[in-house]
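Heads up, the thing below is written out as structure tokens.
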Amino acid sequence: GFAERIRPMVRDGVYFMYEALHGTPKKILVEGANAALLDIDFGTYPFVTSSNCTVGGVCTGLGIPPQNIGEVYGVVKAYTTRVGIGAFPTEQI
């Protein structure tokens, strides 16, 4: 069935992260969601999400210490968009 087809692709996430940090070195690509202004700590409160959206979210989301984070790449777009209620700077001009 379906479970048998995907079984080789499914891993225990906690064990995988432990092995990546303490066992055979592995490079792991992590993708975040949302933008900095939605971050629970640095966003435009009260219009924030319930999680960390900046690079600190890697630590809180995966449970790894900051010293284990290597290269960080930021991706931005050239224009502002907003989903839902909250500050939208271009509307205030």
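Residue numbering for the sequence shown is -16 to 76, as defined by my numbering. The beta-carbon is built from N, C-alpha and C at its ideal position, and this holds for glycine as well. Everything numeric in this text was worked out from a predicted model, so none of it was measured.
For C36, no alpha helix (DSSP H) segment is defined, and its DSSP state is neither H nor E. Per DSSP, R65 lies in no alpha helix (DSSP H) and is assigned neither H nor E. Annotation for E(-13): the continuous alpha helix (DSSP H) segment containing it runs -15 to -11. In chain order, V55 place their CB closer than 6 Å to the CB of V38, counting only its own chain and leaving out the 5 sequence neighbours on each side. Between V59 and the set F71, L12, A16, the nearest pair of CA atoms involves A16.
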